[in-house]
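A.B. asks: Take a look at the following structure, please.
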Amino acid sequence: DQQVKQNSPSLSVQEGRISILNCDYTNSMFDYFLWYKKYPAEGPTFLISISSIKDKNEDGRFTVFLNKSAKHLSLHIVPSQPGDSAVYFCAAKDAGANSKLTFGKGITLSVRP
Amino acid sequence: KAGVTQTPRYLIKTRGQQVTLSCSPISGHRSVSWYQQTPGQGLQFLFEYFSETQRNKGNFPGRFSGRQFSNSRSEMNVSTLELGDSALYLCASSFGLGTEAFFGQGTRLTVV
């Protein structure tokens, strides 16, 4: 039972354009969401997060939007750069004193120069 | 500030053997979690330790175990290795329970 879904395995965008990475979840107990970026042979790097009490969080070129009613979140990268090419994981945490993250299977983003 | 350090980076073991992986968290972080990454299953939670106590456990067989020491360093052990245990094992540290997790580079385990 996959509780966090990233249905598109890959995305290709032109440098300078917007990249939109989508994520859906099924567990209503999730109240905190994170995006991680991963290069091959490295561990995931934390990018940005959002609490369920918000619907938007912005950090530089990265913005995460949360639609609780649809159980959907998205990561926007504007403008996209070739160095953004990596695998992006959406992760969720439930309300509780624990650090357990449930991950999606990842989206491979390719930014074309 | 040093990041999360995992050793060794690469390991090759034979079926039936056991293996111990090590993780040193970011200084000051007291929570350590372990994840297994495989091509088919993605990143899956193994367990979490805080103040030397296991706080949470994922859906893995008892062959997978771990511990945390008083300095917050953690080890995970896999006994009676199977071919399917070949994976990237990632350790993540957090300041406290429920805060952002920062990952190490992982240990690539290959079981032959």
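In order, the protein sequences belong to chains A and B. Per this note's numbering, the very first residue in the first sequence carries number 54; after that it's consecutive. Per this note's numbering, the very first residue in the second sequence carries number 72; after that it's consecutive. Even glycine gets a Cβ: it sits at the ideal position worked out from N, Cα and C.
So with Cβ pairs under 8 Å, would you call B:Glu153 a contact of chain A?
C.D. replies: Taking the first residue of the second sequence as position 1, residue 153 of chain B is located at position 82. Chain A, which has no Cβ nearer than 8 Å to the Cβ of B:Glu153, makes this no.
A.B. asks: Determine whether the beta carbon atoms of B:Ser95 and B:Ala163 lie at a separation below 8 Å.
C.D. replies: Residue numbering aside, residue 95 of chain B sits at position 24 when the second sequence is read from its first letter. Residue numbering aside, residue 163 of chain B sits at position 92 when the second sequence is read from its first letter. Result no, Cβ atoms of B:Ser95 and B:Ala163 do not sit closer than 8 Å.
A.B. asks: Which residue comes first and which comes last in the beta strand (DSSP E) that contains B:Leu152?
C.D. replies: In the second sequence, the residue the question calls residue 152 of chain B occupies position 81. Neither: B:Leu152 is in no beta strand (DSSP E) and is coded neither H nor E.
A.B. asks: Please work out which residues of its chain come closer than 8 Å, Cβ to Cβ, to B:Met137, disregarding the five sequence neighbours upstream and downstream, and give them in chain order.
C.D. replies: Start at 1 with the first residue of the second sequence, and residue 137 of chain B comes out as number 66. Contrary to the premise, residue 137 of chain B reads as Gly rather than Met in this sequence. Only Trp105, Leu117, Phe118, Tyr120, Gln125, Ser145, Glu146, Met147, Asn148 meet the Cβ criterion.
A.B. asks: Per DSSP, A:Lys146 is paired with what?
C.D. replies: For this step, residue 146 of chain A is matched to residue 93 along the first sequence. A:Lys146 is bridged to A:Tyr85.
A.B. asks: Tell me the rounded alpha-carbon separation between B:Asn130 and A:Pro166.
C.D. replies: Residue 130 of chain B sits at position 59 when you count from the first residue of the second sequence. Residue 166 of chain A sits at position 113 when you count from the first residue of the first sequence. So the alpha carbons of these two residues sit roughly 42 Å apart.
A.B. asks: If the cut-off is 7 Å on Cβ atoms, which residues from the stretch 113 to 146 of chain B count as contacting chain A, listed in chain order?
C.D. replies: Gly113, Leu114, Phe116, Glu119, Arg126, Asn127
A.B. asks: Checking 8 Å against the spacing of the C-beta atoms, do A:Leu100 and A:Lys107 come in under that value?
C.D. replies: Taking the first sequence and counting its residues from 1, the one referred to as residue 100 of chain A is at position 47. Taking the first sequence and counting its residues from 1, the one referred to as residue 107 of chain A is at position 54. Taking 8 Å as the cut-off, the Cβ atoms of A:Leu100 and A:Lys107 do not count as close.
A.B. asks: Spell out whether any CB of chain A is found under 8 Å from the CB atom of B:Ala172.
C.D. replies: By 1-based counting over the second sequence, the position of residue 172 of chain B is 101. It does: the Cβ of B:Ala172 has a partner Cβ on chain A nearer than 8 Å.
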